[in-house]
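Structure record follows, encoded as structure tokens.
In my numbering, the protein residues as written are 23 to 162.
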């Protein structure tokens, strides 16, 4: 029996977003909020004031500009930005990006594909068809 996994918007990392969980004091919830606010890179975070970061996270208990400064999130972000390999920067500048798709298959008792459903996670477009059509999936 196949299980269906669903993703919330917090589970999806925006294209080009860096891993803020590498910064001591930032967990998945804070990372998701920063990404949702458009702060995607270490350089962007480093260029933001502790007050502005705290304003984006006002409803998180115990989080203040003072705590952000004390834990040196912006200094850590600055160090990580400086350590970003040149090839990663080149890929970002060449407009390469990731896209995320979810493929769901309905299988019969012999594990043959009866139905295919594909969803483009970023824009929500979806398509489904009977059976398995590799070319159709590749062209989606």
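C-beta atoms are modelled at their ideal positions from N, C-alpha and C, and glycine is treated no differently.
Buried or exposed (CB count within 10 angstroms, at least 16 for buried), residue i
i           : result
residue 77  : exposed
residue 95  : buried
residue 123 : exposed
residue 157 : exposed
residue 39  : buried
residue 4   : Outside the shown range of the chain (23 to 162) lies residue 4, about which nothing can therefore be said.
residue 155 : exposed
residue 54  : buried
residue 125 : exposed
Under the three-state DSSP convention, the category residue i falls into
i           : result
residue 124 : strand
residue 131 : coil
residue 150 : strand
residue 142 : strand
Reference residue i; option with closest CA among the options
i           : options            : result
residue 147 : 128, 121, 131      : 121
residue 139 : 145, 127, 131, 133 : 127
residue 129 : 118, 119, 144, 152 : 152
residue 98  : 81, 73, 41         : 41
C-beta atoms of residue i and residue j nearer than 8 Å
i           : j           : result
residue 136 : residue 150 : no
residue 56  : residue 36  : no
Scan the region 53 to 87 and note each continuous alpha helix (DSSP H) run of 4 residues or more that stays entirely inside, going in chain order. 64 to 68, 72 to 78
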